[in-house]
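K.L.:
Numbering (this note's numbering), first residue to last: 79 to 358.
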Amino acid sequence: MQTVEEITELRQLRAQLAGPLGFVPTMGYLHAGHISLVELAKRDCASVVVSIFVNPTQFGPSEDLAAYPRDIPADLKLLAAAGVDLVWLPTPEIMYPPGFQTWVEVEQVSQPLEGAQRAGHFRGVSTVVAKLFNAVTPDKAYFGQKDAQQVAVIQQMVRDLNFPLEIVVGATQREAEGLAMSSRNSYLSAEQRQAATVLYRALNAAREAYVAGERSGNRLRAIMRETIAAEPLAEAQYVSCADRASLEELDEITDGALLSMAVYVGKTRLIDNLILTSEK
Ligand code: PAF
79 MQTVEEITEL
89 RQLRAQLAGP
99 LGFVPTMGYL
109 HAGHISLVEL
119 AKRDCASVVV
129 SIFVNPTQFG
139 PSEDLAAYPR
149 DIPADLKLLA
159 AAGVDLVWLP
169 TPEIMYPPGF
179 QTWVEVEQVS
189 QPLEGAQRAG
199 HFRGVSTVVA
209 KLFNAVTPDK
219 AYFGQKDAQQ
229 VAVIQQMVRD
239 LNFPLEIVVG
249 ATQREAEGLA
259 MSSRNSYLSA
269 EQRQAATVLY
279 RALNAAREAY
289 VAGERSGNRL
299 RAIMRETIAA
309 EPLAEAQYVS
319 CADRASLEEL
329 DEITDGALLS
339 MAVYVGKTRL
349 IDNLILTSEK
């Protein structure tokens, strides 16, 4: 496995890799969720490139960029074991050199849910992902369903800007009790980790109601809110039952709708989601 920092060197090494090329963009501190995306890429593609870059422009002023967990040596071990060909580790100065002034803004789909709570977050995500795509020029790029709105924003950007690549979405990987894997879980105490299973419990409570025939968006949102309210260590920031592509809230629910939520457990903000199907 090779590692590289500079864009010109990345381009030279990328040109030598056999196609099709799969790309997994990450912010590091890798867990089984990231590795499952690498495995999907390995299954589909002749070569796999991973980037590790904690992107400052997707953090708001009140979000602690400096405290974001990092462990590059452990990440490189995991990626080598997973059979990755090339890891790109750009610095902030490489991605955002002095005088940088071009931004990618995906409009409507960036606005609700996470976008409403985290001003500028998706502008940072779509800009950095466009830059990563331009440098790596992958045939397929892999994103986790855990960040459902990020998936919707990137898919819209790829369509709107004609990026010649396919977006592949990997299933959310979960701990034994359903907690979605996330680098942010490392902030949780043992007690908070237990409380954090409430996100999956709330999603499942709404799913069970849907499978039993409930079709009211208001009712499904209320079920999620009530389940979270019953967990003393958790506080819901939003719950949603929306169209999975436009992210507009729905009154009447059908298969394919996206249930999602952001919940504080202590100071840690967690998100989770699932796509409804009426299958039992
Ligand atoms: O999902 C992430 O880790 C980040 O948002 C991404 C896609 C790597 C962009 O910084």
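Beta carbons are placed, not taken as given, at the ideal position from N, Cα and C, and that holds for glycine.
All of these numbers come straight from a predicted model, not from anything done at the bench.
Does the distance from the C-beta atom of V289 to that of R303 stay below 9 Å?
P.N.:
No; because the gap between Cβ atoms is not below 9 Å, this pair is not in contact.
K.L.:
Residues around ligand 1, please: the condition is that the C-beta lies closer than 6 Å to some non-hydrogen atom of it.
P.N.:
In chain order, the qualifying residues are P103, T104, M105, N133, Q136, V203, V206, V207, D225 and Q228.
K.L.:
Measuring CA to CA, which of G291, N351, Q234 and T275 is closest to K358?
P.N.:
Comparing Cα-Cα distances from K358 to each of G291, N351, Q234 and T275, the minimum goes to G291.
K.L.:
Looking at the structure shown, is Y265 part of a helix, part of a strand, or coil, going by DSSP?
P.N.:
Helix, per DSSP.
K.L.:
Alpha carbons only, please: which of L154, Q136 and K155 is nearest the one belonging to Y146?
P.N.:
Here the closest residue by C-alpha is Q136.
K.L.:
Would you call the CB atoms of G198 and G111 closer than 9 Å?
P.N.:
Going by C-beta atoms, G198 is not nearer than 9 Å to G111.
K.L.:
Could you give the uninterrupted runs of the alpha helix (DSSP H) lying entirely in the segment 295 to 328, keeping only those of 4 residues or more?
P.N.:
Runs of the alpha helix (DSSP H) inside the segment 295 to 328: 295 to 307.
K.L.:
Looking at the strands, I want to know which residues DSSP matches up with K218.
P.N.:
Answer is G100 and E244, bridged to K218.
K.L.:
Going by DSSP in three states, Y278 sits in which element: helix, strand or coil?
P.N.:
Note: Y278 maps to helix in three-state DSSP.
K.L.:
Hey, V276 and V341 are a contact pair by Cβ (cut 8 Å); roughly how many whole angstroms apart?
P.N.:
Their Cβ separation, rounded to whole angstroms, is 7 Å, which keeps V276 and V341 in contact under 8 Å.
K.L.:
From the DSSP output, in three-state form, read off L74 for me.
P.N.:
The shown model of the chain, from 79 to 358, leaves out residue 74, and the question about it has no answer.
K.L.:
Roughly how many whole angstroms lie between the Cα atoms of L239 and S264?
P.N.:
Approximately 36 Å between the Cα atoms of the pair.
K.L.:
Is DSSP giving N351 helix, strand or coil here?
P.N.:
N351: strand per DSSP, three-state reduction.
K.L.:
Specify the secondary structure class of I130 as computed by DSSP and reduced to three states.
P.N.:
Note: I130 maps to strand in three-state DSSP.
K.L.:
Please name the residue, chosen from L99, A93 and R322, that lies closest to T187 on a Cα-to-Cα basis.
P.N.:
Sequence inspection shows Val at residue 187; the Thr mentioned does not correspond to that position. The shortest C-alpha separation from V187 is found at R322.
K.L.:
What did DSSP end up calling M105 once you bin it into helix, strand or coil?
P.N.:
In the structure shown, M105 sits in coil (DSSP, three-state: anything other than H, G, I, E or B).
K.L.:
Here's a check: name, in chain order, each residue in its chain whose Cβ is nearer than 7 Å to the Cβ of R196, leaving out the five neighbours to either side.
P.N.:
Around R196: G138.
K.L.:
Report yes if the C-beta distance between P98 and K218 is below 9 Å; otherwise report no.
P.N.:
Yes, Cβ-Cβ distance for P98 and K218 is below 9 Å.
K.L.:
Quick check on the DSSP output: the beta strand (DSSP E) that includes Q80 runs from which residue to which?
P.N.:
That run of the beta strand (DSSP E) goes Q80 to V82.
K.L.:
Can T305 and R279 be called in contact, C-beta distance under 9 Å?
P.N.:
Taking 9 Å as the Cβ cut-off, T305 and R279 qualify as a contacting pair.
K.L.:
Find out if the Cβ-Cβ distance for the pair L108, L156 is shorter than 9 Å.
P.N.:
Taking 9 Å as the Cβ cut-off, L108 and L156 qualify as a contacting pair.
K.L.:
With distance defined between alpha-carbon atoms, name the residue in N212, I331, V182 and Q189 nearest to R201.
P.N.:
Out of N212, I331, V182 and Q189, V182 has the C-alpha closest to the C-alpha of R201.
K.L.:
With a cut-off of 8 Å on the beta carbons, I'd call A312 and I301 a contact; round off their distance for me.
P.N.:
Wrong, their Cβ atoms sit about 15 Å apart, outside the cutoff.
K.L.:
Please state if the CB of P190 and the CB of E327 are separated by a distance shorter than 9 Å.
P.N.:
Yes. Within cutoff.
K.L.:
For V165, write down the residues that DSSP places opposite it in a beta bridge.
P.N.:
In DSSP, V165 forms a bridge with T81 and V128.
K.L.:
Taking just the CA atoms, how far does Q315 sit from C123?
P.N.:
In a straight line, the C-alpha of C123 is about 39 Å away from that of Q315.
K.L.:
Going by DSSP, which residues form a beta bridge with V343?
P.N.:
A312 and T346.
K.L.:
How many Å lie between A208 and S140 at the Cα?
P.N.:
Computed Cα separation, rounded: 25 Å.
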